[in-house]
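Numbering of the sequence shown is given in full-length UniProt numbering, commencing with residue 1 and proceeding in unit increments. Ideal Cβ placement from N, Cα and C applies to all residues, glycine included. Structure first, then comments.
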Amino acid sequence: MTSTSSILSEPLRLPCGAVLPNRLCKAAMTEGLADEHLRATPRHDTLYRRWSEGGAGLLLTGNVQVDRRVLERPANVTIDMSDAITHDAEARSRLARWAKAGTVGGNHLWMQINHAGRQSPRYVTMQPLAPSPQQLGMLGNFGKPRALTEEEILDLIQRFARVATVARETGFTGVQIHAAHGYLLSSFLSPVTNRRIDAWGGALENRARMLIETLRATRGAVGADFPISIKLNSDDFRKGGFSNDECLQVVQWLNAEPVDLLEISGGSYEQPALVGHLGDASTAAPQRESTRKREAYFLDYAERIRAVAKMPLMVTGGFRLRETMEAAVSENACDMIGLGRPLCTHTDVAGALLRGETRELPAFERGLVLADKGMFSPTSRFALFRQLNAFGEIGWYYLNLFRLADSRGPDLQRGALSALVGYLLTEYRAAARMHRARRARA
Ligand SMILES: Cc1cc2nc3c(=O)[nH]c(=O)nc-3n(C[C@H](O)[C@H](O)[C@H](O)COP(=O)(O)O)c2cc1C
1 MTSTSSILSE
11 PLRLPCGAVL
21 PNRLCKAAMT
31 EGLADEHLRA
41 TPRHDTLYRR
51 WSEGGAGLLL
61 TGNVQVDRRV
71 LERPANVTID
81 MSDAITHDAE
91 ARSRLARWAK
101 AGTVGGNHLW
111 MQINHAGRQS
121 PRYVTMQPLA
131 PSPQQLGMLG
141 NFGKPRALTE
151 EEILDLIQRF
161 ARVATVARET
171 GFTGVQIHAA
181 HGYLLSSFLS
191 PVTNRRIDAW
201 GGALENRARM
211 LIETLRATRG
221 AVGADFPISI
231 KLNSDDFRKG
241 GFSNDECLQV
251 VQWLNAEPVD
261 LLEISGGSYE
271 QPALVGHLGD
281 ASTAAPQRES
291 TRKREAYFLD
301 YAERIRAVAK
311 MPLMVTGGFR
321 LRETMEAAVS
331 ENACDMIGLG
341 RPLCTHTDVA
351 GALLRGETRE
361 LPAFERGLVL
371 ADKGMFSPTS
381 RFALFRQLNA
391 FGEIGWYYLN
401 LFRLADSRGP
411 DLQRGALSAL
421 VGYLLTEYRA
431 AARMHRARRA
441 RA
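Here is the structure:
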């Protein structure tokens, strides 16, 4: 039997006046589909048309970069104001085609804007940029970052704002500023990765300055009626990192700014709580037992944030059952539900949930990573295997996104090891293409 009267089908009016048609959002997921000049391609159009037809009221793009030197991965779409080819007429018409395809279903499509900061792999850059030269120690895959000068910080703030303007001009219906998961803005918030002693480091007010200034510059650029969202960690889950108490304070500061939707997530590459994994045991901060056991990882945190937040709230991470999503909205823990991995294999699950045709989303994450072999499990003490495990899992999703972008169905049978190898090969090939194109233009 199906039921169609779900609270998830109710529209949501945002402070800027825009209305989201329902409470389900396809969370941001990096696509790795850009061409060698870091521009959008027809594969973006195919993928987002499928998602748009899939029924979620809001689609967030994967993270679009503001700085071609420091990418999250080699085939990120990039809009770099110092590099015309990434925002010339051709690049813009590609963005416009992407935006058109991604809104055919009448949904919103927001561009997630990001700077990778210290989490940019060596095959992109040997020297990432970050608040301070604190290197990320993961399988030797990340170079030691150089600390940004104040002039560079001010330039990057303007880049976020200008990319948001390009998003608006090319047909995206909103933007999200990525301040979670250990990337640049998130690394400014953390006392572990931000050791600055100037106006951009030290007290929380200083560590939050880059986020707040980026938000203000972006709002100034796009105007009052264009949705702006922030994705923020509820907690870094890292010893000495950005904590839940600090998050609550930042949310109170954000209350004074025009934010249309605050998305709550958590963790970073070191502590991948965003996808429900435990990270390096030596640097992990204790997590509430209920968080680890709960289907939706950040709901406890969201409830605390809800108590202080004045803007609409979205929680992303772990939601798989319709009852859990409906309860989160009807019990007023949040307004929107973010969904990630299930949409890497099944593009139409949001509509199926809304129509009452399904109550449980497909979940492959538990069985993917040889979890039955103790040494490889997410809770294993063997950090190397654990990290390879997490890469294998993420690679599995990346490869399935490629298949969807090529108008194919998902490959549910592929193993984690083969996904890890396949993913690394595609990343290295994309990096080689990008570096070749750069050299040819130099
Ligand atoms: C393949 C993949 C790519 C992701 N890329 C991004 C990204 O570009 N930006 C972002 O904020 N989060 C990214 N995430 C995190 C998701 O937005 C989401 O927070 C996470 O998958 C947890 O939600 P889920 O349990 O529904 O998958 C990514 C996750 C996956 C699995």
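Would the stretch 404 to 414 and the stretch 37 to 47 be scored as touching if the rule is three or more Cβ pairs under 8 Å? These segments touch.
Select from 155, 129 and 152 the residue whose C-alpha is nearest the C-alpha of residue 144. Looking at the Cα atoms, 129 is the closest of the given residues.
Check for me: the alpha helix (DSSP H) holding residue 357 runs from which residue to which? No alpha helix (DSSP H) holds residue 357; DSSP gives it neither H nor E.
Tell me whether residue 371 sits in a helix, a strand or coil according to DSSP, three-state version. Annotation note: pLDDT 41 at residue 371 (below 50); position unreliable, coordinate value reported separately. Here residue 371 sits in coil by DSSP.
Where residue 210 sits in the DSSP three-state scheme: helix
Please name the residue, chosen from 94, 38 and 92, that lies closest to residue 71 on a Cα-to-Cα basis. 38
Check: residue 318 C-beta below 7 Å from any heavy atom of ligand 1: yes
Any heavy atom of ligand 1 within a distance shorter than 7 Å of the CB on residue 95? no
beta-carbon residue 314 near ligand 1 non-hydrogen atom, thresh 7 Å: no
Give the DSSP-derived three-state secondary structure of residue 400 in the structure shown. Residue 400 falls in the helix class under three-state DSSP.
Output yes or no for whether 8 Å exceeds the beta carbon distance between residue 124 and residue 431. yes
Residue 68 vs residue 170 beta-carbon contact at 8 Å: no
Identify the residues that DSSP records as bridge partners of residue 174: which are they? In the DSSP output, where bridge partners are listed per residue, residue 174 has 110.
Sequence-distant residues of the same chain with beta carbon closer than 7 Å to residue 372, five excluded per side: In this prediction, residue 372 scores a pLDDT of 37, lower than 50, which makes its location untrustworthy; the coordinate-derived value is nonetheless stated afterwards. Nothing meets the Cβ criterion.
Spatial neighbours of residue 428 within its chain, please: C-beta separation below 7 Å, excluding the five flanking residues on both sides. 123
The stretch 53 to 63 / the stretch 5 to 22 touching (three or more Cβ pairs under 8 Å): yes
Test item: CB-CB of residue 26 and residue 60 under 8 Å: yes
Return helix, strand or coil for residue 345, following the three-state DSSP convention. helix
Kindly indicate which three-state DSSP category residue 64 falls into: helix, strand or coil? Residue 64 falls in the strand class under three-state DSSP.
Counting pairs of beta carbons, one from the stretch 9 to 16 and one from the stretch 307 to 320, are three or more of them closer than 8 Å? yes
Figure out for me which residue from 28, 435 and 440 has the closest Cα to the Cα of residue 231. The shortest C-alpha to C-alpha distance from residue 231 to any of 28, 435 and 440 is the one to 28.
Please look up how many angstroms separate the CB atoms of residue 160 and residue 66, rounded, as I've assumed it's under 8 Å. 6 Å
Residue 98 versus residue 221 - alpha carbon distance: 22 Å
Cβ of residue 63 within 7 Å of any heavy atom in ligand 1? yes
Name, in chain order, the residues that DSSP records as bridge partners for residue 231. 178 and 263
Say yes only if the C-beta of residue 119 is nearer than 7 Å to one or more non-hydrogen atoms of ligand 1, and no if none qualify. no
Under the three-state DSSP convention, the category residue 443 falls into: With the chain covering 1 to 442 only, the question about residue 443 has no answer from this structure.
Is the stretch 210 to 225 close to the stretch 237 to 246, with three or more CB pairs under 8 Å? no
How would you label residue 298, buried or exposed, when you count the other beta carbons within 10 angstroms and need 16 or more for buried? buried
State buried or exposed for residue 339, treating a residue as buried only when at least 16 other CB atoms are found within 10 Å of its CB. Buried, because 16 or more other Cβ atoms sit within 10 Å of the Cβ of residue 339.
What did DSSP end up calling residue 23 once you bin it into helix, strand or coil? coil
Note down, in chain order, each residue of its chain lying with its Cβ closer than 6 Å to the Cβ of residue 366, except the 5 sequence neighbours on either side. Annotation note: pLDDT 47 at residue 366 (below 50); position unreliable, coordinate value reported separately. So the list is empty, once near-sequence residues are dropped.
Cutoff 6 Å; reference residue 183; Cβ partners in own chain excluding five residues on either side: 114, 116, 117 and 119
Within the stretch 128 to 162, ranges of the beta strand (DSSP E) (whole runs, at least 3 residues): none
Less than 7 Å between the CB of residue 339 and some heavy atom of ligand 1, yes or no? It does: the Cβ of residue 339 is within 7 Å (strictly closer) of some heavy atom of ligand 1.
Can you grab the Cα-Cα spacing for the pair residue 84 / residue 156, in whole Å? 16 Å
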